[in-house]
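Peer 1: If you scroll down you'll find the structure; I have some questions about it.
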Amino acid sequence: MNTLCPLCRSSNTHPTHTARHVGGTLGALGGATSGAASALSAAKAGATLGAFAGPAGSVLGGLAGALFGGLLGGAAGSVAGARVGDVVDKNVFNRLQCDDCGHVFTAR
Ligand SMILES: [Zn+2]
């Protein structure tokens, strides 16, 4: 793979992460959505557990469960999406940007 900038011949280049960013964002959205679904059951579980500590415990437990489920889902989705995006970047786009002149080109 030639990573030299075709314009200025600089070897000071880095891969662009177009698909990784897109994948990470989409994954986070998807993960948060499925996380929200599991957050509901997590909230119920938290509320049930918290109920032993009284009404306040039930509310707090539900909140903690919902937060946990949503956050975990979003984070897991984001990581998975970024992984997929990485593969797409490498195998489909294979784009590099020159750090010296800013030129974006396709590595061959
Ligand atoms: Zn250049």
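In terms of the numbering used here, the sequence shown is residues 49 to 156. Virtual Cβ for every residue (Gly too), placed ideally from N, Cα, C.
Between A128 and G83, is the Cβ-Cβ spacing less than 9 Å?
Peer 2: Here residue 128 corresponds to residue number 80 of the sequence shown, with the count starting at 1. Here residue 83 corresponds to residue number 35 of the sequence shown, with the count starting at 1. No. Outside cutoff.
Peer 1: Could you tell me whether any non-hydrogen atom of ligand 2 is closer than 8 Å to the CB of H151?
Peer 2: Summarising the ligand content, the structure contains ligand 1 and does not contain ligand 2.
Peer 1: Measure from the C-beta of G110 to each C-beta in chain D and report whether the shortest distance is under 9 Å.
Peer 2: In the structure shown, chain D cannot be found, because there is only a single protein chain.
Peer 1: In this structure, how does DSSP classify P54 when only helix, strand and coil are distinguished?
Peer 2: Counting from one through the sequence shown, the residue named residue 54 turns up at place 6. Coil at P54, not helix or strand.
Peer 1: Are the segment 49-59 and the segment 133-152 in contact at 8 Å, needing three or more beta carbon pairs?
Peer 2: Contact between the segment 49-59 and the segment 133-152 is present, because at least three Cβ pairs lie under 8 Å.
Peer 1: Please report the straight-line C-alpha distance between K92 and F116, rounded to a whole angstrom.
Peer 2: Position 44 of the sequence shown holds residue 92. Position 68 of the sequence shown holds residue 116. Taking the straight line joining both Cα atoms gives about 12 Å.
Peer 1: Looking at the unbroken alpha helix (DSSP H) that takes in H69, where does it start and where does it end?
Peer 2: Sequence index remark: in the sequence shown, residue 69 carries index 21 (1-based). Segment T66 to G98, the alpha helix (DSSP H) holding H69.
Peer 1: Under the three-state reduction of DSSP, which class applies to R156: helix, strand or coil?
Peer 2: Stepping through the sequence shown from its first residue, residue 156 is reached at position 108. Here R156 sits in coil by DSSP.
Peer 1: Quick check: what's the CA-CA separation for V136 versus A114?
Peer 2: The residue given as residue 136 occupies position 88 in the sequence shown. The residue given as residue 114 occupies position 66 in the sequence shown. Spanning the two alpha carbons is a distance of roughly 33 Å.
Peer 1: Below 9 Å between beta carbons: does that hold for A87 and G121?
Peer 2: Translated into the one-based positions of the sequence shown, residue 87 becomes position 39. Translated into the one-based positions of the sequence shown, residue 121 becomes position 73. Yes.
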